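The structure appears right after this line, and notes come after that.
In this note's numbering, the protein residues as written are 464 to 1038.
Structure (structure tokens):
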């Protein structure tokens, strides 16, 4: 969690602020406040998750005394001109009330044309009331200005009290006004930038000293409010992510956590090197107003978008019935918020029928080389469609090449009639692996015996064997095989591959520790895996050290082919 501050790297900000500082002079006059957040690290590996970012704030109308403002942008002027007083503000504002020492009975407000007043007052209001009203009502009004809504000779009845004196707005709480001792006006009733005040007592003009006029309170409203993000030392370059046009008569609420997160992420995308980053949250209004932070939660998250190999994707190559592993590096103390990886499977529709499969032993097998072939007799127990065969082989020299044929049986030996065939080319030497040959077309085998025949067209190899039967070595000349010997007690290691039905799904999948994940198939038939829960469970089982761990993403496939893992994206925070 990070804290907003009043200056870059400074003290934590409060919750209530005044937008009183000019961001620009007229005619582009507006008011600005900046709060700051500091990040330290690699901006390319940091993000704000919109779902976890909260920012609730309010722009609020303000009433303030224009006569005693320390801020020049808000300070009004008062001058005496003849028997009236000129109030000059920096912008049109709504007059709220006037406070005068030894107040007169009435205050009149006039529009002005130059230094000339309008013929009639635009607004009249009472500041204290005639004695006959006080006597008849028994209410001690005191030094209070009550807005005049009727003529001086009008008679009104208020709560059963009849008066022939000044009219009183019956919507005003007289007792409350008496406490305030000021002349209140309705919001927006009188709006101007330059106007005149005239004071009267018993219908006679009075002229108090200027310093006796202690308050001219005006009301300012949130106008064209907006929020933006900028470099800490370049506030004029703010990019605004939220605005509300026009003037608002009431509080304007901004609940924009997701928009703020997007704006911060867009700002971070400009940085390519690690370091301290100071960011300004720019708060602006075209008129001065209040600003209140209601709720803020900013959680910068770390990003992992490459595998432990520092590559954006991993290509896993599968032989029959194998597992392949990709690794992701995370801190042991990471709390994973969200994580996913996309798997693109390029797997054949060929499954393993483990007719005679094990690890075998490199110490036993049939040698295949120039003039020497090996063959394994097969006796299917039921009819089966074969799309390929896997052989456990150890090439002995570089650039070994083998041909693999499936032949019918003739009196206990390969007949020479080829049912299917393929070739193997080797770049490795001296190591054993299961090598797969795919046939051009599947072939159906009955329950009659047949043979897998392996010849060397270049180099030499050993076909690894295990305990069993049916393995023989043949001499070959001009393509004809003659039995050299039978390897009694041995059977070559092989696996049949059978073609999957059209409606079958691959048994490929991802596992993290003991957690087996279910991929969600996307429109392009790739699979999206949600890793967050499994990663957190796995990390929780590890000892406290080392601080960084390589988490294995184990992908299993019961068929051959490729699986490409990409679009890895992990967001985490360190607790």
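Using N, Cα and C, we set each Cβ at its ideal position, and we do this for glycine too. Remember, predicted model here, so these are calculated numbers, not experimental data.
When DSSP labels each residue in this structure, what does residue i get in the three-state scheme?
i            : result
residue 660  : strand
residue 879  : strand
residue 506  : helix
residue 938  : strand
residue 698  : helix
residue 965  : Caution is warranted here: a pLDDT of 38 is assigned to residue 965, below 50, making its placement in the model unreliable, and the coordinate value is therefore given only provisionally. Reduced to three states, the DSSP call for residue 965 is coil.
residue 553  : strand
residue 989  : coil
residue 578  : coil
residue 531  : coil
residue 592  : Any reading at residue 592 must be qualified, since the residue scores a pLDDT of 44, below 50, and its modelled position is unreliable; the value itself is stated next. Coil.
residue 479  : strand
residue 492  : coil
residue 1008 : coil
residue 665  : coil
residue 518  : strand
Measuring straight from C-alpha to C-alpha, what distance separates residue i and residue j?
i            : j            : result
residue 771  : residue 780  : 18 angstroms
residue 964  : residue 931  : Model confidence at residue 964 stands at a pLDDT of 45, short of 50, so the residue's coordinates are unreliable and nothing is read from them.
residue 767  : residue 1032 : 6 angstroms
residue 568  : residue 662  : 8 angstroms
residue 552  : residue 508  : 50 angstroms
residue 982  : residue 725  : 28 angstroms
residue 652  : residue 734  : 51 angstroms
residue 709  : residue 589  : 33 angstroms
residue 994  : residue 803  : 5 angstroms
residue 728  : residue 847  : 57 angstroms
residue 952  : residue 1020 : 32 angstroms
residue 801  : residue 893  : 45 angstroms
residue 961  : residue 722  : 54 angstroms
residue 790  : residue 853  : 28 angstroms
residue 884  : residue 869  : 6 angstroms
residue 705  : residue 689  : 6 angstroms
residue 546  : residue 660  : 9 angstroms
residue 555  : residue 657  : 8 angstroms
residue 842  : residue 959  : 12 angstroms
residue 1005 : residue 895  : 34 angstroms
residue 624  : residue 761  : Low per-residue confidence applies at residue 624: pLDDT is 30, beneath 50, and the placement is therefore not dependable, though the value from the model is reported in the following sentence. Rounded to the nearest angstrom, the two C-alpha atoms are 59 angstroms apart.
residue 808  : residue 786  : 14 angstroms
residue 863  : residue 828  : 17 angstroms
residue 543  : residue 550  : 9 angstroms
residue 483  : residue 497  : 12 angstroms
residue 583  : residue 574  : 9 angstroms
List the DSSP bridge partners of residue i.
i            : result
residue 548  : 543 and 660
residue 763  : 511
residue 568  : DSSP, once it has assigned bridges, lists no residue as partnering residue 568.
residue 562  : 678
residue 951  : The partner list for residue 951 (beta bridge, DSSP) is empty, contrary to what the question assumes.
residue 972  : 1019
residue 526  : 682
residue 842  : For residue 842, which the question treats as bridged, DSSP gives no partner whatsoever.
residue 1040 : No information on residue 1040 is available, as it lies outside the stretch 464 to 1038 that the chain covers here.
residue 858  : 924
residue 830  : 925
residue 919  : 865
residue 956  : Partner(s): none; residue 956 has no beta bridge.
residue 692  : 702 and 744
residue 803  : 993 and 1032
Quick test of your reading: residue i and residue j, contact by CB under 8 angstroms. State the CB separation rounded to the nearest angstrom.
i           : j           : result
residue 865 : residue 917 : 6 angstroms
residue 747 : residue 486 : 6 angstroms
residue 919 : residue 856 : With a Cβ gap of about 11 angstroms, residue 919 and residue 856 do not count as contacting.
residue 934 : residue 928 : 6 angstroms
residue 682 : residue 585 : Incorrect: roughly 17 angstroms between the Cβ atoms, too far for contact.
residue 887 : residue 906 : Not a contact, Cβ separation roughly 18 angstroms.
Give the range of the beta strand (DSSP E) segment to which residue i is assigned.
i           : result
residue 707 : 702–710
residue 467 : Element bounds for residue 467: n/a, residue is neither H nor E.
residue 790 : 785–794
residue 978 : 978–980
residue 672 : Element bounds for residue 672: n/a, residue is neither H nor E.
residue 768 : Taken as a continuous stretch (DSSP letters only), residue 768 belongs to no beta strand (DSSP E), as it is neither H nor E.
residue 739 : 738–748
residue 484 : Careful: residue 484 lies outside any beta strand (DSSP E) and carries neither H nor E.
residue 868 : 864–873
residue 903 : 896–908
residue 537 : Residue 537 -> no beta strand (DSSP E), and no H or E assigned at all.
residue 779 : 777–781
Could you tell me the boundaries of the alpha helix (DSSP H) in which residue i lies?
i            : result
residue 721  : 720–731
residue 1003 : 995–1003
For chain C, check one thing: does any of its Cβ atoms lie closer than 8 angstroms to the Cβ of residue i?
i           : result
residue 575 : In the structure shown, chain C cannot be found, because there is only a single protein chain.
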